[in-house]
Amino acid sequence: MATLTKKTILSHLSVKEAMRRQVIWIPKEENIAKTINLFIKYKVNALLTTSRDNKPVGVVSKTDVMGAYYAGLPLESPVEGIMSSPPLFCKPDESLEVALDRMKSRGIYRLYVREREDGEAVGILAYPDIVGLLYRYCHGCEYSHFSRKKPAETKRQIQYRVKDVMTTNVKSFRDNETLMQIMEGLSVYRFGAVLIKDQNSYPAGVVSKTDLILAYKHGISADIPAKLIMSSPVKSCDEEDLLEEAIRKMIFSEVHRLFVHRDTHQKIVGVFSLSDAARLKSGSCRACVSSRIKVDDHS
Amino acid sequence: MKNSARDVMTTSFHTLSPENTIAEAVKLFRKATEEEKQKVFGMMVTDKNNKLVGMLSMYDILLFIRPKHIHIWGMMEDIDIEGLVEHACDRAKSIFVGDIMTTDVITVSPDTHLMMILDIMIKKHIRRIPVVEGEDILGIIYISNLFYHLVEKLM
Chain A
32 MATLTKKTIL SHLSVKEAMR RQVIWIPKEE NIAKTINLFI KYKVNALLTT SRDNKPVGVV
92 SKTDVMGAYY AGLPLESPVE GIMSSPPLFC KPDESLEVAL DRMKSRGIYR LYVREREDGE
152 AVGILAYPDI VGLLYRYCHG CEYSHFSRKK PAETKRQIQY RVKDVMTTNV KSFRDNETLM
212 QIMEGLSVYR FGAVLIKDQN SYPAGVVSKT DLILAYKHGI SADIPAKLIM SSPVKSCDEE
272 DLLEEAIRKM IFSEVHRLFV HRDTHQKIVG VFSLSDAARL KSGSCRACVS SRIKVDDHS
Chain B
47 MKNSARDVMT TSFHTLSPEN TIAEAVKLFR KATEEEKQKV FGMMVTDKNN KLVGMLSMYD
107 ILLFIRPKHI HIWGMMEDID IEGLVEHACD RAKSIFVGDI MTTDVITVSP DTHLMMILDI
167 MIKKHIRRIP VVEGEDILGI IYISNLFYHL VEKLM
């Protein structure tokens with residue numbers, strides 16, 4: 032029987048084309064302060080933890096460190112106590128789509144890459160890496176917003192806009208709510224950052240997991256109000272903006288998400304993250320999706 | 047020939063505090079370069095009790111300024127370098143020396159043999175090593191100190 036299978040760009044690509052080759056690791060006996068230092072220094076969201084014989088035994092993420100801050104653990108506590116284990120792996124020659132589906136079904140944000148069962152980690156694959164690859168792909172395409180090959184009018188019609196893919200459920204907090212309250216919100220809703228509104232309900236800033244772990248490292252009490260550590264102003268885009276422009280803005284400003292406004296900067300109607308962009312599994316317009324629908328014979 | 051760490055170390059050195067901002071660190075690098083009369087590319091980081099807690103090099107600061115997704119930008123012609131640097135400097139405002147310094151610092155004692163120090167510098171790719179005795183910092187050996195001391199006979 033013939034079934035209609037929707038092929039995406041990712042089906043044709045392998046993990047090794049998107050992975051980053053610099054894997055940052057930390058011995059599991061090292062402390063949380065050192066972990067935060069490596070997060071900031073290498074701009075990564077997670078570290079691979081290793082045993083005394085240099086075998087990978089777990090992963091420690093910004094979320095885990097935020098949990099330690101919430102629980103009031105001293106910065107000197109060993110990372111072993113907060114890591115999740117074992118680390119999950121994929122292979123460099125595996126299809127990117129298979130890897131992405133596994134991340135989605137296991138609810139995780141990254142996979143480490145190795146050739147063999149007992150081998151060393153040779154890379155890491157996270158959502159932003161996949162988006163980066165898609166972005167490069169789109170940038171070189173004749174349908175790209177940045178390309179001059181096709182008339183702007185033709186391109187406009189098929190390109191995704193931020194409103195087509197954004198999440199409309201935006202969780203926000205007041206600027207006088209404490210870091211403890213924000214951390215509770217972040218772990219319940221599984222967000223990477225929340226919008227902070229001022230007393231007049233206008234968007235005032237953003238508190239991300241990175242802001243929180245820096246506060247932890249700097250010895251700041253978790254009982255202080257959000258406005259003292261939030262990043263301001265809110266990085267946002269218009270809901271009518273093209274997806275390609277929004278992704279470019281995120282990559283450029285090294286943020287994982289943009290809040291989405293309608294008409295004015297004061298009115299936030301959605302949020303759009305690099306993870307959302309990766310889950311879309313296609314480039315930034317409909318051209319390549321429609322051209323890749325293919326009939327596979329599974330008889 | 048004098049051949050231990052204490053014979054070549056620089057004893058007038060500058061240090062950073064983990065609470066210094068990156069902007070302050072850059073100013074202190076410039077000040078140290080003027081006062082030590084040699085280009086300072088890395089400094090020791092000490093706590094309130096003058097205990098060595100890390101090292102910060104220009105490389106660490108550049109690592110922070112480097113755009114995270116440079117492999118994507120690398121192939122684009124419409125890249126706006128100025129904007130990127132501004133973004134990096136903006137981010138650096140909330141970052142302290144303690145957040146990006148190297149904490150695994152290799153040190154030597156004042157009696158360590160120069161050949162041992164040379165070996166460490168080559169194998170570990172480092173250009174400066176603090177000289178400590180117990181908790182006290184006595185000085186720092188820059189690769190240039192070692193170089194001119196060792197090649198003196200060649201000239």
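Protein sequence lines correspond, in order, to chains A and B. The C-terminal residue of the first sequence carries number 330 in the numbering used here, and the numbering is unbroken. The C-terminal residue of the second sequence carries number 201 in the numbering used here, and the numbering is unbroken. Positions of the beta carbon are idealized from the N, C-alpha and C atoms, including for glycine. Being a predicted model, the structure only gives us computed values, none of them experimental.
- Listed along chain A is no residue with a C-beta nearer than 8 Å to that of residue 87 (chain B); the closest approach is about 17 Å.
- Minimum Cα-Cα distance from residue 193 (chain B) among the listed residues B:168, B:136 and B:177 corresponds to B:168.
- Boundaries for residue 124 (chain A): no alpha helix (DSSP H) harbours it, and the DSSP string shows neither H nor E there.
- For residue 186 (chain B), there are no neighbours in chain A by C-beta distance under 7 Å, as the nearest C-beta there is about 22 Å away.
- Interface residue (Cβ-Cβ distance to chain B less than 8 Å): residue 284 (chain A) is classified as such.
- For residue 149 (chain B), the nearest beta carbon of chain A is closer than 8 Å to its own beta carbon.
- Your pair residue 56 (chain B) and residue 186 (chain B) checks out as a contact, with CB atoms roughly 5 Å apart and the cut at 8 Å.
- For residue 165 (chain B), the uninterrupted alpha helix (DSSP H) segment begins and ends at 160-170.
- Using a Cβ-Cβ cut-off of 9 Å, residue 71 (chain A) is close to 110, 141, 145 and 146 of chain B, given in chain order.
- Per the coordinates, the alpha-carbon of residue 57 (chain A) lies some 15 Å from the alpha-carbon of residue 74 (chain A).
- The Cβ of residue 157 (chain B) sits no closer than 8 Å to any Cβ of chain A.
- Per DSSP, residue 169 (chain A) is not a residue of any beta strand (DSSP E); the alpha helix (DSSP H) it occupies stretches across 158-170.
- Taking CB atoms only, residue 85 (chain A) has no neighbour in chain B less than 8 Å away.
- Residue 114 (chain B) belongs to the set of residues whose beta carbon lies under 8 Å from a beta carbon in chain A.
- Around the beta carbon of residue 43 (chain A), a 10 Å sphere encloses fewer than 16 other beta carbons of the protein chains shown; the residue is thus reported as exposed.
- Proximity of residue 127 (chain A) to chain B, defined by a Cβ-Cβ separation below 8 Å, is not satisfied.
- DSSP places residue 189 (chain B) in the helix class (H, G or I) of the three-state scheme.
- With contacts defined as CB atoms closer than 8 Å, residue 199 (chain A) and residue 255 (chain A) fail to qualify as a contacting pair.
- Between the region 133-144 of chain A and the region 102-112 of chain A, the count of C-beta pairs closer than 8 Å stays below three; the two stretches do not touch.
- Pairing residue 196 (chain B) with residue 92 (chain B), the inter-Cα distance amounts to about 29 Å.
- One finds nothing in chain A with a Cβ atom closer than 9 Å to the Cβ of residue 171 (chain B); even the nearest lies about 16 Å away.
- For residue 223 (chain A), no Cβ of chain B is located within less than 8 Å of the residue's own Cβ.
- Excluding five sequence positions before and after residue 97 (chain B), the CB atoms of its chain that fall closer than 6 Å to its own CB belong to 181, given in chain order.
- For residue 235 (chain A), the closest C-alpha among the options A:267, A:212 and A:93 is that of A:267.
- Where residue 248 (chain A) is concerned, the enclosing alpha helix (DSSP H) starts and stops at 240-248.
- Counting along the chain, residue 281 (chain A) sits inside the alpha helix (DSSP H) bounded by residues 274-284.
- By the rule that beta-carbons nearer than 8 Å mark a contact, residue 106 (chain B) touches chain A.
- At least one CB of chain B lies nearer than 8 Å to the CB of residue 245 (chain A).
- Counting along the chain, the unbroken beta strand (DSSP E) around residue 143 (chain A) starts and ends at 141-144.
- The beta carbon of residue 258 (chain A) sits no closer than 8 Å to any beta carbon of chain B.
- Per DSSP, residue 224 (chain A) is not a residue of any alpha helix (DSSP H); the beta strand (DSSP E) it occupies stretches across 224-228.
- With a threshold of 8 Å between beta carbons, residue 249 (chain A) makes contact with chain B.
- Taken atom to atom, the span from the alpha-carbon of residue 277 (chain A) to that of residue 302 (chain A) is near 11 Å.
- Chain B places a beta carbon closer than 8 Å to that of residue 68 (chain A), counting this residue as a contact.
- Residues of the region 136-166 of chain A whose Cβ lies closer than 8 Å to any Cβ of chain B, in chain order: 159, 163 and 166.
- DSSP places residue 62 (chain A) within a strand segment (E or B) once states are collapsed to three.
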